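Shown next, in structure tokens, is the structure this report addresses.
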Amino acid sequence: IGHEKFNQSATYNIESNLINFFIADNRYQLQNVSQTNSREMHNYYEKPFYNEELFQTIWEKLREEKIVYDTVENLRNKDIYKLSPYKELTPQQLDIKNEILDFCKENITRDGNHVIAIEGDAGSGKSVLLSSLFNTIQDLAHDSSSSLHGTDNYLLVNHGEMLKTYKGIANSLPNLKKKSLMKPTPFINQKTKDDSKADIVLVDEAHLLLTKEDSYNNFKYQNQLDEIIKRSKITIVIFDPKQVLKIKSYWDDRLLEEITNQYNAKTVKLTDQLRMNANPETMSWIDHFVAKELLPLPPKKKDSKFELKIFEEASAFKEAIESKNDEVGLSRIVSTFDYLHKKDKKTYIVDEEGINMPWNSTQDNITWAEYPESIKEVGSIYTVQGFDLNYVGMVLGPSVGYDEENDRLVIDPSKYKDTGAFISRTDLAPEKNQEIKEEIILNSINVLMKRGISGLYIYATDPELRKRLLELQCKGENQYE
Numbered sequence: 001i002g003h004e005k006f007n008q009s010a011t012y013n014i015e016s017n018l019i020n021f022f023i024a025d026n027r028y029q030l031q032n033v034s035q036t037n038s039r040e041m042h043n044y045y046e047k048p049f050y051n052e053e054l055f056q057t058i059w060e061k062l063r064e065e066k067i068v069y070d071t072v073e074n075l076r077n078k079d080i081y082k083l084s085p086y087k088e089l090t091p092q093q094l095d096i097k098n099e100i101l102d103f104c105k106e107n108i109t110r111d112g113n114h115v116i117a118i119e120g121d122a123g124s125g126k127s128v129l130l131s132s133l134f135n136t137i138q139d140l141a142h143d144s145s146s147s148l149h150g151t152d153n154y155l156l157v158n159h160g161e162m163l164k165t166y167k168g169i170a171n172s173l174p175n176l177k178k179k180s181l182m183k184p185t186p187f188i189n190q191k192t193k194d195d196s197k198a199d200i201v202l203v204d205e206a207h208l209l210l211t212k213e214d215s216y217n218n219f220k221y222q223n224q225l226d227e228i229i230k231r232s233k234i235t236i237v238i239f240d241p242k243q244v245l246k247i248k249s250y251w252d253d254r255l256l257e258e259i260t261n262q263y264n265a266k267t268v269k270l271t272d273q274l275r276m277n278a279n280p281e282t283m284s285w286i287d288h289f290v291a292k293e294l295l296p297l298p299p300k301k302k303d304s305k306f307e308l309k310i311f312e313e314a315s316a317f318k319e320a321i322e323s324k325n326d327e328v329g330l331s332r333i334v335s336t337f338d339y340l341h342k343k344d345k346k347t348y349i350v351d352e353e354g355i356n357m358p359w360n361s362t363q364d365n366i367t368w369a370e371y372p373e374s375i376k377e378v379g380s381i382y383t384v385q386g387f388d389l390n391y392v393g394m395v396l397g398p399s400v401g402y403d404e405e406n407d408r409l410v411i412d413p414s415k416y417k418d419t420g421a422f423i424s425r426t427d428l429a430p431e432k433n434q435e436i437k438e439e440i441i442l443n444s445i446n447v448l449m450k451r452g453i454s455g456l457y458i459y460a461t462d463p464e465l466r467k468r469l470l471e472l473q474c475k476g477e478n479q480y481e
């Protein structure tokens with residue numbers, strides 16, 4: 001682009017946008033890798049004009065010429081767009097990315113196993129950083145002048161829906177190969193069979209890794225992370241202990257420290273909230289809720305970019321999410337795992353008395369939320385963990401109740417239907433198994449409540465909890481007035 005109107009920042013911005021949208025349109029493969037380094041997210045003069053208005057005009061012209069097909073609005077809602085390795089990174093993400101690349105270059109020829117852990121809460125930008133990092137590492141593996149040239153590298157993803165997204169991205173990028181995208185157990189078993197060691201292995205959502213033997217999933221060792229590290233020169237681990245969802249994957253600080261200390265692991269932390277447009281008061285309300293503490297809701301007038309709302313009627317709750325889906329797309333209802341759900345192709349209903357909608361179905365090549373018909377279904381923790389929604393409708397099922405005497409949430413694990421999550425461990429005391437069950441339910445609420453970019457709607461099936469939340473909504477508004 002050569003024109004006095006286009007300064008360097010604007011030109012780079014448009015180039016990055018074009019690459020991200022071409023990847024999401026999924027019709028072309030990127031060729032000029034050397035010109036597409038991720039750049040830091042920063043503001044410049046008239047950025048909204050270049051980023052929104054002008055780019056929209058350019059894209060519509062490309063559609064007229066039939067070079068691209070989908071609209072900007074539709075592509076923005078795609079997971080492939082949101083996880084594109086060429087998304088602009090925040091200064092914090094870029095610093096951590098560069099630190100990890102330096103760590104890889106310093107340790108690739110050294111003996112031993114080298115580990116670096118990235119910690120961050122839901123919505124802190126872990127997956128975008130990982131996508132950018134792995135793509136750069138794979139580009140360097142194909143660069144004859146790099147110290148990482150010729151390295152054998154892998155991205156391990158334990159989440160089936162997320163694996164679909166990474167494979168979709170790989171379709172558009174020359175140095176990302178689907179064979180380098182694997183689930184943890186097949187990677188461990190393949191490297192054991194070959195008696196070989198990978199060079200650099202990135203592990204997405206390591207909090208989902210097994211911490212005990214699981215013969216059903218063909219895992220015959222005691223700890224997946226430990227086995228991955230043994231089979232890799234360098235291991236880069238993404239971790240959030242507040243997203244542990246199964247007893248067989250239970251991580252506490254002690255267990256994580258044991259493994260990381262064994263390998264003298266370095267830890268870096270992502271602290272920004274990048275998904276939710278909520279202000280600190282709203283984020284604090286959610287964090288207190290997940291700690292079973294009930295506070296007055298922050299007044300709507302104080303958070304103009306994010307809507308937190310409690311609903312009295314299931315019908316109004318469903319209509320509100322459908323309306324937001326018509327308005328901005330990618331708005332879905334999700335629920336705690338308090339209703340029977342099996343993988344036998346039968347239909348299982350969530351909250352027959354109120355919500356009365358089926359649990360999510362699964363599609364082979366598309367993530368659940370991007371499937372248009374999923375607006376008529378309820379998503380589980382396993383379909384939406386790691387993904388963004390514009391608005392999330394949160395159903396709090398029977399396991400989430402209200403303790404009137406102490407004015408707190410009460411969790412009843414006996415009502416939780418995710419039986420696979422609760423298979424007890426013989427290496428833990430019965431009381432500890434029970435304590436972990438409550439922690440898992442609260443973790444799932446934390447993950448589900450932090451899916452929405454612009455809003456969180458809540459419907460509690462327990463009448464007493466619903467009544468109390470509605471009172472706290474009124475109290476919050478009245479306090480402000």
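Last residue of the sequence shown: 481 (full-length UniProt numbering), numbering continuous.
Note that the Cβ used here is the ideal one computed from N, Cα and C, for glycine as well.
The model shown is predicted, which means the values in this text are computed figures rather than measured ones.
Where residue i falls: helix, strand or coil (DSSP)
i: Ile214; result: The question names Ile, yet the displayed sequence has Asp at residue 214. Three-state DSSP puts Asp214 in a strand.
i: Val201; result: strand
i: Val447; result: helix
i: Tyr50; result: helix
i: Met276; result: coil
i: Ile108; result: coil
i: Thr267; result: strand
i: Asp403; result: strand
i: Gly420; result: helix
i: Gly393; result: strand
i: Ile67; result: coil
i: Asn98; result: helix
i: Ile355; result: coil
i: His114; result: strand
i: Lys432; result: helix
i: Thr36; result: Because the pLDDT of Thr36 is 49, which lies under 50, any placement of that residue in the model is unreliable, and the number read from its coordinates should be weighed accordingly. If DSSP states are grouped into helix, strand and coil, Thr36 belongs with coil.
i: Ala170; result: helix
i: Ala460; result: strand
Neighbour-count burial assignment, residue i, 16 or more Cβ in a 10 Å radius
i: Ala10; result: buried
i: Ile19; result: buried
i: Arg110; result: exposed
i: Ile423; result: exposed
i: Gln31; result: exposed
i: Glu205; result: buried
i: Tyr391; result: buried
i: Lys61; result: exposed
i: His288; result: exposed
i: Asn443; result: buried
i: Lys97; result: buried
i: Gln93; result: buried
i: Glu313; result: exposed
i: Asp364; result: exposed
i: Asp427; result: exposed
i: Gln262; result: exposed
i: His114; result: buried
i: Gln29; result: exposed
Identity of the residues DSSP links to residue i by a beta bridge
i: Phe239; result: Glu119
i: Ile188; result: According to DSSP, which records beta bridges pairwise, Ile188 is partnered with nothing at all.
For residue j and residue i, believed in contact at Cβ under 8 Å, the rounded distance
i: Thr383; j: Lys164; result: Actually they do not touch by this definition, with Cβ atoms about 11 Å apart.
i: Glu53; j: Pro299; result: The pair is not a contact, with the Cβ atoms about 33 Å apart (cut-off 8 Å).
i: Gly386; j: Met162; result: 5 Å
i: Ala198; j: Asp143; result: About 19 Å separates the two Cβ atoms, so there is no contact after all.
i: Asp403; j: Lys242; result: Contact flag wrong, Cβ pair sits at about 22 Å.
i: Ile259; j: Leu225; result: 6 Å
i: Asn157; j: Lys183; result: The sequence as given places Val at residue 157; Asn does not occur at that position. Correct: roughly 7 Å between the Cβ atoms.
i: Thr282; j: Phe306; result: 6 Å
i: Ser374; j: Ile441; result: So it is not a contact: roughly 24 Å between Cβ atoms.
i: Leu469; j: Ile310; result: 4 Å
Rounded straight-line distance, which links the Cα of residue j to that of residue i
i: Arg275; j: Gly125; result: 7 Å
i: Gln56; j: Lys66; result: 15 Å
i: Gly379; j: Leu396; result: 13 Å
i: Ser147; j: Trp285; result: 47 Å
i: Lys212; j: Asn223; result: 6 Å
i: Asn360; j: Tyr339; result: 12 Å
i: Ser131; j: Ser84; result: 7 Å
i: Ser172; j: Arg27; result: 7 Å
i: Asp351; j: Thr461; result: 8 Å
i: Phe337; j: Glu319; result: 22 Å
i: Tyr221; j: Thr362; result: 30 Å
Check: residue i C-beta below 7 Å from any heavy atom of the ligand SAH
i: Ala206; result: As presented, the structure is devoid of all ligands, the ligand SAH included, so that no description of it is given.
C-beta neighbour in chain C for residue i, strict 8 Å
i: Met357; result: Within the model displayed, chain C is absent; a lone protein chain is all it includes.
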